[in-house]
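Below: one structure, written as structure tokens.
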Amino acid sequence: MDDLYEVIGNNRIEDVSWICSLSEPELDLLIGLKKLVILRAKAIGHVELAEKFDLKMLRAIGLVVMEHFRQKVKDLPPVPGMDETSACIDGCNLLKSKLDKLSIEELKSCLDHRNRKGQK
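My numbering applies: residue 108 is where the sequence shown begins, and numbers increase by one.
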């Protein structure tokens, strides 16, 4: 069990599996949201609010943002090439709430790969 805590910390396995499924642009969106929350929390003098903004909260906000975006795109008048945009949005992992849980080894591999990629 210590091995599991070392890999995922206080996060749920479902949330860590979900974040491992995201593409780089999806991760960039979430990182931007997290940075925005930190900046706003500092600006209003409540840094502790940013600390409560964990992976579970980030996942929920990412889902809400993408659902809102999907509705806005759907409400637009027909535009050539829009079918591709809708298909791209539907394939977005930010919108997926049910994913297969990864094993500890798969989680470690995913996180190690992302860490090595970020150090380049």
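Even for Gly, the Cβ is constructed at its ideal location relative to N, Cα and C.
Our contact map puts G169 next to L137 with C-beta atoms below 8 Å; I'd like the distance itself, whole angstroms only.
6 Å
Between the Cα of A157 and the Cα atoms of R147, I126, R166, which residue gives the shortest distance?
Nearest C-alpha to A157: R147.
Alpha helix (DSSP H) runs contained entirely in the segment 133-182, provided each spans 4 or more residues
154-158, 162-182
DSSP three-state assignment for S124, whether helix, strand or coil
helix
Alpha carbon to alpha carbon, how far is H153 from P184?
42 Å
What separation, rounded to the nearest whole angstrom, lies between the Cα atoms of C127 and F176?
Between C127 and F176, the C-alpha separation is close to 22 Å.
Is it right to say S124 is buried, meaning 16 or more other beta carbons lie within 10 angstroms of its own, or is it exposed?
Buried, because 16 or more other Cβ atoms sit within 10 Å of the Cβ of S124.
Cα-Cα separation, D135 to V144:
The straight-line gap from Cα to Cα measures roughly 14 Å.
C-alpha gap between L129 and R166, whole angstroms:
11 Å
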